[in-house]
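Chains as they are written, first to last, in numbering that gives the first Met the number 0: chain B, 0 to 275; chain R, 0 to 275; chain E, 0 to 275; chain W, 0 to 275; chain A, 0 to 275.
Everything on this sheet refers to the single structure shown next.
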Amino acid sequence: MHDPRVPETLEGWCLLHQMFRIRWQAWEALPAAERRARAAETVAAINGMNRGQESTTALSTLLGHKGDLMFIHFRQSFEALQEAQIALARLPLAPFLEPLASYVSVLELGMYEMTGIIHARLGERGLKTGSEEFEQAFDAEMEEQKKRVLPRLFLELPRRRYVCFYPMNKRRGEERNWYGLSFEERAQLMREHGMVGRHYAGAVTQMISGSIGFDDWEWGVDLFADDPVTFKKLVYEMRFDQATVWYGEFGSFWTGLQFSASELPAYLDGAVPRLV
Amino acid sequence: MHDPRVPETLEGWCLLHQMFRIRWQAWEALPAAERRARAAETVAAINGMNRGQESTTALSTLLGHKGDLMFIHFRQSFEALQEAQIALARLPLAPFLEPLASYVSVLELGMYEMTGIIHARLGERGLKTGSEEFEQAFDAEMEEQKKRVLPRLFLELPRRRYVCFYPMNKRRGEERNWYGLSFEERAQLMREHGMVGRHYAGAVTQMISGSIGFDDWEWGVDLFADDPVTFKKLVYEMRFDQATVWYGEFGSFWTGLQFSASELPAYLDGAVPRLV
Amino acid sequence: MHDPRVPETLEGWCLLHQMFRIRWQAWEALPAAERRARAAETVAAINGMNRGQESTTALSTLLGHKGDLMFIHFRQSFEALQEAQIALARLPLAPFLEPLASYVSVLELGMYEMTGIIHARLGERGLKTGSEEFEQAFDAEMEEQKKRVLPRLFLELPRRRYVCFYPMNKRRGEERNWYGLSFEERAQLMREHGMVGRHYAGAVTQMISGSIGFDDWEWGVDLFADDPVTFKKLVYEMRFDQATVWYGEFGSFWTGLQFSASELPAYLDGAVPRLV
Amino acid sequence: MHDPRVPETLEGWCLLHQMFRIRWQAWEALPAAERRARAAETVAAINGMNRGQESTTALSTLLGHKGDLMFIHFRQSFEALQEAQIALARLPLAPFLEPLASYVSVLELGMYEMTGIIHARLGERGLKTGSEEFEQAFDAEMEEQKKRVLPRLFLELPRRRYVCFYPMNKRRGEERNWYGLSFEERAQLMREHGMVGRHYAGAVTQMISGSIGFDDWEWGVDLFADDPVTFKKLVYEMRFDQATVWYGEFGSFWTGLQFSASELPAYLDGAVPRLV
Amino acid sequence: MHDPRVPETLEGWCLLHQMFRIRWQAWEALPAAERRARAAETVAAINGMNRGQESTTALSTLLGHKGDLMFIHFRQSFEALQEAQIALARLPLAPFLEPLASYVSVLELGMYEMTGIIHARLGERGLKTGSEEFEQAFDAEMEEQKKRVLPRLFLELPRRRYVCFYPMNKRRGEERNWYGLSFEERAQLMREHGMVGRHYAGAVTQMISGSIGFDDWEWGVDLFADDPVTFKKLVYEMRFDQATVWYGEFGSFWTGLQFSASELPAYLDGAVPRLV
């Protein structure tokens, strides 16, 4: 049912983030030739995962002890995510990767504005929420919307050097409770929130994914930028918009450098891998 | 005693969820023949656990680092759950399974409506709460109810591809406190809550189990669906009903793909196992 | 000093709960003869710990990943608890036990009613709180009480199949704060709370132990029953009494099956051990 | 600066608590002669650490899984604490000790009463807070105080059998906030709090150390007694004084038996070590 | 955009803190010659990291079980931080270092006063927030400021013996919420807060770094002093300023002794390493 309290969402890529620590000591204990072979096979396997609109796997280094290496898998289905997870667990590099964290989500476009518009439009047509006619008309409108934003639902991986990932919730406190606000209040707060994002549109590519029902937080946020200080500026400025002040809750932050799969052997040899 | 503040519950299957990480590296280090033998023996043992109404053990993969493999044991008693746990710990596959999480609960039907009705009905007959006559009459009514819903208490395992499990509490906050509400307030909130569930009746099979007195949260929720995005839609929509807005607290979410025991060897060989 | 704000307590058994995971793989890697020998020696050692009123050690299995095996040591002193802990760490079974949790406490009878009565009685005799005469008279009264309830302070281990252990606190919140209530308010809430317990007197044996100053929570609760669903019914019903609604805070729950030491070898061979 | 909102403190011993689990299995796998040699060398090393007013290291067993063995190092400086930590990490016993917890603090005497008195006294002399004259006069007064309480700042280790350690904070809540109270309110609450302690003066030796700026809690508390039940009585009674009701927050509790270094070999052979 | 609600910040050194436990047992199991060689090579590598304004890596011991050894890397970019992390993971000492914690941040000067001044100044010139002219004029002013404080943005590592590191947040509570205060309220609170710091200016060198968007807390604080008790005095006194009372939230504290890279071999041989 299209409940007028609930903002509609459109779903795109299925996403799996995987964060690993590298067992450097065990890796370096291998003979050089075996290291070379394992690195090359791993690159080949990851290259095989990169089939554009069908599937993409991005690599980044990570700073600090929460991980050395992060994979972001973009897939068309949970089946394909599961396939990626199994494949990764069996890579020649896998014995040297210790799993520390992960995140399961689906790329999502929240449609606060559009939800209000469609409800109003169908109401004007005299359709009643929950009636079969209403539901079909609503589904048809959403289908239209989906076509319109398809490239954003299945976006191409942003080729920017710096990556930042964090999960977040909307607060459900005893007093301050996002879900206890009216649709209009939430829509207004999201509008203000979006405006801060727009100031950074050129400098940061933002990817929001929904994980309600999939993982421990409600949303995942990926930021990509050419200058890491932009992450700090953006997230700090957002902290002052009212949606974040009273309702934003944040998990851990993972920060690192995106790099090309072909650079993995160099990384495993001790170089900072490049994005080529 | 049948306390009029306390909703009656009916209990069915005893449930044990077990989440494991697979020690892929150790597994793959085995000779192929031994892997085949261990996988086959494990399948045979799990098949032996599947005796319909007597006992069932379901398997799913999991996405992310919170586990690779989840078993859900449905049994008639805690004795039988303990037997399942011990048997699993001694499977030929067990040395390659690292326990990460678990959940002990009992399938439960909450009877808010019926509790009110029976209390009213017995009151009209002039019986007094706590009197022997009242208690016996109440027990008899519950016995009747139990017969009526027996198939839901010992439901057949839903054969749907996607699985989602999470534990939850009703908030017991300093201000917002579920247990501080009157029976009528709670009954009303549960009615609204149930309505959201009903919109998804075709798309999602829901299984609620009680774990007060057994495990760290008050309830466990299993969802089964043919499309994983339905989990997100359902749990998100529920977040806006008043029972959830002010009183719902959630633990971790585990998401994965249900599969047939016979597919376990294929999984252990690197395939995404099917539900056949 | 006998502070009129503080309910008196009487202390009995010193208690140590120890929860272990069994390293099944390493255990099963032993030759059968060695397993037999180690199991038999372990049984003999535990039997040696069971000397009735002097010392008792109870065994249970546990359900789920929070432990496989729980020992509850009943002793006359902390010295004897320490002795039990050291002895257990050196059992032939010890190398196969991974410590996951524990709890240090002293069996305790809370004396809300009696505290009020004695303060009133001594007040009527014209004695002043804190005076030497008052303190001695109070101590003498408590000595009397202790004699009266000695069998409950050093109770015999309940021989019931199902066990449930959990620690708990009284809330010390910014608004709802148990310790900020008057003695009379607390006494009244405890009276109501005790009444729920009494409804289950036949079905559940309850053992309360105090751990303020010893371990991370304020009290430990052990429940013993012939039917595990009784745990759920009891703890759920209690959740609606006002002492629990506003002031009860709960830690983890461990649930399992009590069994006889003589059944340990059978358990280690994969059977569900019996309580004989 | 001597800020009139801030109670003055006097500092004595630098303290490092270290809690370890003993790797019993590895220890017992050593040949008896090696065990004897390692134990003896460890005793000699610890004895070398016990030079009275210069440095002392106390040993206790611990009850439960949070540790088997606790060292408390009393030193004159952080340099000396670091030396103790390094020395301990290189003891012949060290390979058999798994570090589980620790605490860094400085023995502290809080001077609420005296702070008020000195501020008043200097005010009467017409000195202004923050002026050079004021600061020098204040420092001189504190120097005097320090001489007066020197034996309490560098107390001799209490030779009592039972030990209890826990860290604590003063609550900094959104409503109840210790640091938001006036100096007079805090001084009054501390006076009441101290009175409870005084009732137990004979039965319990209390040692307070400050860890703001050093470790994760604000204070550490060590209690020493001849009867462990006294810990429960004292900490319970304190829970009812207003400073604790509204502002006391507690970390984990570690409880055990103090023993003499010379008894370490007996302990490592399975005996309960004595305090001789 | 220069949002008048958001205080401007200036950024300097990129910082990575890394905390490790030393695997003493494995280290000492090495032949003495290998230990010497590994220690010497590690010193050479760290010396190679110390190129003044280009890059510096500081070493400290740590007290307690949260780590033995802390590295603080000062770099000009995240690329260079990543290079340091990879280089460290491949040092001859690395196999003997177990990563326990880390922190990613950027040295930051908060400009509350200056932000207000520039907004006022540009307003007086008739420029409108958000207009291109305004933004350019603002950027130019900040450029000026940056030149003025460059030595503080790329400060030389304070050569003081004692080090204390902790992360912190400004509270975002349901009632007390830093980000819900007006710019003027925050500026006023920061002014008061800064005054406490100034009393300790001679005794403590303070280094604030921002980690919003990079790591799990909002800021990291490093303190350097010649007397560790100063940490306690400073952090305690700050706890009474209103910004901290109501809005300061603190993570773990790591405390230790700074030392010279050349002293690493002595440390690894069991000495307390010096700062030479």
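For each residue, glycine too, the CB sits at the ideal point set by N, CA and C.
As the structure is a computational prediction, the values presented were derived from the model and not from experiment.
{"Check": "For a minimum of 3 consecutive residues, which ranges assigned as the beta strand (DSSP E) are wholly contained in the segment 86-149 of chain A?", "Outcome": "96-109"}
{"Check": "So, does the segment 216-233 of chain R touch the segment 151-162 of chain B, judging by three or more C-beta pairs under 8 Å?", "Outcome": "no"}
{"Check": "What residues from the segment 12-38 of chain R come within 8 Å of chain B, judged by C-beta to C-beta, listed N to C?", "Outcome": "R20, I21, W23, Q24, E27"}
{"Check": "At least one CB of chain W closer than 8 Å to the CB of E/G179: is that the case?", "Outcome": "yes"}
{"Check": "For B/W245 versus B/R170, is the C-beta distance shorter than 8 Å?", "Outcome": "yes"}
{"Check": "Might you give, ordered along the chain, the residues of its own chain that have their beta carbon closer than 6 Å to the beta carbon of R/T60, omitting 5 neighbours on each side?", "Outcome": "G255, L256"}
{"Check": "Residue ranges of each alpha helix (DSSP H) run of no fewer than 4 residues wholly in the segment 168-204 of chain B, ordered along the chain?", "Outcome": "182-198"}
{"Check": "Determine, using beta carbons only, whether B/S101 and B/L15 come nearer to each other than 8 Å.", "Outcome": "yes"}
{"Check": "Can you tell me where the alpha helix (DSSP H) with W/V42 in it begins and where it stops?", "Outcome": "31-48"}
{"Check": "What residue does the alpha helix (DSSP H) around A/M237 start on, and which one ends it?", "Outcome": "228-237"}
{"Check": "Straight-line CA distance for W/V220 to W/E236?", "Outcome": "16 Å"}
{"Check": "Going by other Cβ atoms of all chains shown within 10 Å of its Cβ, with 16 needed for buried, is A/G51 buried or exposed?", "Outcome": "exposed"}
{"Check": "Touching or not, the segment 94-111 of chain E and the segment 6-14 of chain E, by the rule of three or more beta carbon pairs under 8 Å?", "Outcome": "yes"}
{"Check": "Beta-carbon of R/I70 versus every beta-carbon of chain B: anything under 8 Å?", "Outcome": "It should be pointed out that residue 70 of chain R corresponds to Phe in this sequence rather than to Ile. So, not an interface residue."}
{"Check": "Is the segment 178-191 of chain R touching the segment 83-97 of chain R, taking contact as three or more C-beta pairs under 8 Å?", "Outcome": "no"}
{"Check": "Under 8 Å between C-beta atoms, does B/G172 make it to chain A?", "Outcome": "yes"}
{"Check": "For a contact meaning CB atoms closer than 8 Å, what does B/Y102 contact in chain R?", "Outcome": "G63"}
{"Check": "If contact means a Cβ-Cβ distance below 7 Å, which residues of the segment 248-267 of chain A contact chain W?", "Outcome": "S251, F252, T254, L256"}
{"Check": "Check this for me: beta carbons of W/L9 and W/M167, under 8 Å apart or not?", "Outcome": "no"}
{"Check": "Does any C-beta atom of chain E lie closer than 8 Å to the C-beta of R/F164?", "Outcome": "no"}
{"Check": "Between which two residues does the alpha helix (DSSP H) carrying E/A25 extend?", "Outcome": "23-27"}
{"Check": "So what does W/I207 bridge to, in DSSP terms?", "Outcome": "W/V220"}
{"Check": "Taking the C-alpha atoms as reference points, what is the distance between A/R190 and A/M113?", "Outcome": "12 Å"}
{"Check": "Taking Cβ to Cβ, would you say W/G66 is nearer than 8 Å to W/R20?", "Outcome": "yes"}
{"Check": "For R/S251, is the classification buried or exposed, using 16 other Cβ atoms within 10 angstroms of its Cβ as the cut-off for buried?", "Outcome": "exposed"}
{"Check": "Tell me, please, which residues DSSP counts as bridged to E/W253.", "Outcome": "E/F164"}
{"Check": "Quick one: grab the DSSP three-state call for R/V262.", "Outcome": "The question names Val, but residue 262 of chain R in the sequence shown is Glu. In this structure, R/E262 counts as helix in the three-state DSSP scheme."}
{"Check": "In this structure, does DSSP put B/L267 in helix, strand or coil?", "Outcome": "helix"}
{"Check": "Pick out whichever of W/A25, W/V275, W/P272, W/H118 has its Cα sitting closest to the Cα of W/F182.", "Outcome": "W/H118"}
{"Check": "What are the boundary residues of the alpha helix (DSSP H) that E/V244 is part of?", "Outcome": "241-246"}
{"Check": "Could you check which residue in A/A44, A/E82, A/T56, A/R4 has the C-alpha nearest to that of A/F258?", "Outcome": "A/T56"}
{"Check": "Determine the burial state of W/L149: buried for a count of at least 16 other Cβ atoms within 10 Å of its Cβ, exposed for fewer.", "Outcome": "exposed"}
{"Check": "Would you kindly work out how many angstroms separate the C-alpha atoms of R/L285 and R/D268, rounded to a whole number?", "Outcome": "For chain R, the structure presents residues 0 to 275; residue 285 of chain R sits outside this window and is missing."}
{"Check": "If the cut-off is 7 Å on Cβ atoms, which residues from the segment 198-210 of chain B count as contacting chain A, listed in chain order?", "Outcome": "H198"}
{"Check": "Whose Cβ in chain E lies nearer than 7 Å to the Cβ of R/E10?", "Outcome": "V228"}
{"Check": "Under 8 Å by Cβ, that's how I've got B/W26 and B/R35 pegged, so tell me the actual separation to the nearest angstrom.", "Outcome": "Contact flag wrong, Cβ pair sits at about 12 Å."}
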